[in-house]
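S.K.:
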Amino acid sequence: MLEVHGLHKKYGRKRPVLQGVSFSVPLNQLTCLIGLNGEGKSTILKGIMGLVPLDAGTVVVDGETSRERIAFVPDISTMPGYMTVGDAILYMQDFYPDWNQKNAEELMTIFKLLSTDQIRDLSKGNKAKVNLLLGFSLDRPYLLLDEPLAGIDLFTKEQIAWIFSSHYMEGRGILMTTHEIAEVEHLIDRVVYLQDGKVVHEDDAEEMRELYGKSVQDRMREVFQR
Ligand SMILES: Nc1ncnc2c1ncn2[C@@H]1O[C@H](COP(=O)(O)OP(=O)(O)OP(=O)(O)O)[C@@H](O)[C@H]1O
42 MLEVHGLHKK YGRKRPVLQG VSFSVPLNQL TCLIGLNGEG KSTILKGIMG LVPLDAGTVV
102 VDGETSRERI AFVPDISTMP GYMTVGDAIL YMQDFYPDWN QKNAEELMTI FKLLSTDQIR
162 DLSKGNKAKV NLLLGFSLDR PYLLLDEPLA GIDLFTKEQI AWIFSSHYME GRGILMTTHE
222 IAEVEHLIDR VVYLQDGKVV HEDDAEEMRE LYGKSVQDRM REVFQR
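Residue numbering for the sequence shown follows our numbering, beginning at 42 and increasing consecutively.
Here's what the structure looks like:
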C-alpha cells in the first residue's frame, strides 16, 4: 500500500494548494485522483516523488519511506530533445537496475515508435507515448501517471486502456490523474476527489456503477456541486 498522510503545500505567497491531503493507493487497483483545474493533483504526484518539496506530510510505501518502489510518468517530456527514443531506452537501461527491456521493446512495437525517432521531433501524442513506455518499463509496484491521456488520439487511448488491464499492470497499484474520465471509466477501481486542498470524498467505482448506476462524471457533479 502507498499511503500519503497530511500533505501540505503552499507555493510562495499564493494561497495554500494542499491543506492536509491523505489517501492510499492499494496494489492491484487503479485509483483515479480527480479534481478541477489547479486543485493540486500534479503537485501531489510530484510531492509523492520528492520532485516538489512539501511543507508537511509523509509518504509511506509498503511500510518504508523510500520512493524506489514508485515509477512516475510525468505529463511533460523529461528526456532531452536531442536524444532518440533508442538513446532514452539505453539511458534508462544503464541507470535503473529494475529496467525491463522486454517490456520496453514490446511497448515500442505497440506504440509504433522507432528507436531512431528523435524526441524533439515527435508529436505531442508520441512524446506522451515515450513517457508511458519509460514508466511502464520500470519493474516497480506503484505507478503514478499524470494526465497520461492528454493529447492522445482515440486509438492510442484504447491501447493505453488495454495496457491498464493487461499483464503490464498485473499486481501494480496505479494512481492516475485525468480529465478524460469517459475513456477509462470502466477500468477505474477507486476515485479520490480533491477540492480546496483536501480529499473531500472517496468512492469504490464498482459499487458506484453496480449499486447506484452512476458514472464518475455523475459523481463529480454531485461531489463538486456544479
Ligand atoms: N512551481 C509552481 N510555482 C508556483 N505555483 C505553482 C507551481 N506549480 C503549481 N503551482 C500552482 O499550484 C496550483 C495547483 O497546480 P497543479 O498543477 O498541482 O494543479 P492540477 O490539479 O494538476 O491542475 P490541472 O488539472 O490544471 O493540471 C495552481 O494554482 C498552480 O498555479
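Backbone N, C-alpha and C define an ideal beta-carbon position, used for all residues, glycine too. Quantities reported herein were computed from a predicted structural model and do not represent experimental measurements.
1. Does the beta-carbon distance from L48 to G98 come in below 8 Å?
2. Does the beta carbon of E80 fall short of 7 Å from some heavy atom of ligand 1?
3. How would you write the range of the beta strand (DSSP E) that T218 sits in, first residue to last?
4. For K51, tell me which candidate among L179, I222, E80 has the shortest Cα-Cα distance.
5. For V45 and R262, I'd like the C-alpha separation in whole angstroms.
6. What residues in its chain sit with their C-beta under 8 Å from that of Q200, if we drop five residues either side in the sequence?
7. Expressed to the nearest angstrom, what Euclidean distance is found between the alpha-carbon atoms of V114 and S83?
8. Can you give the Cα-Cα distance for D259 and D244, rounded to whole angstroms?
9. By DSSP, does G61 sit in helix, in strand, or in coil?
10. Can you check whether the CB of A145 is closer than 8 Å to the CB of L174?
11. Just to confirm, is the Cβ distance from T197 to T157 under 8 Å?
12. So, helix, strand or coil for F152, using DSSP?
M.R.: In brief:
1. It is a contact, given that the beta carbons lie within the stated cut-off.
2. Yes, ligand 1 has a heavy atom inside 7 Å of this Cβ.
3. Note, T218: beta strand (DSSP E), 214-218.
4. Check the Cα spacing between K51 and each of L179, I222, E80: the tightest is with E80.
5. Going from the Cα of V45 to the Cα of R262 covers about 25 Å.
6. Taken in chain order, the residues that qualify are I151, F152.
7. A straight-line Cα-Cα distance of about 11 Å links V114 and S83.
8. Here the C-alpha atom of D259 lies approximately 12 Å from the C-alpha atom of D244.
9. In the structure shown, G61 sits in a strand (DSSP, three-state: E or B).
10. Yes. Within cutoff.
11. For the 8 Å CB-CB criterion, T197 and T157 do not form a contact.
12. Looking at F152 - three-state DSSP - the assignment turns out to be coil, as it is neither helix nor strand.
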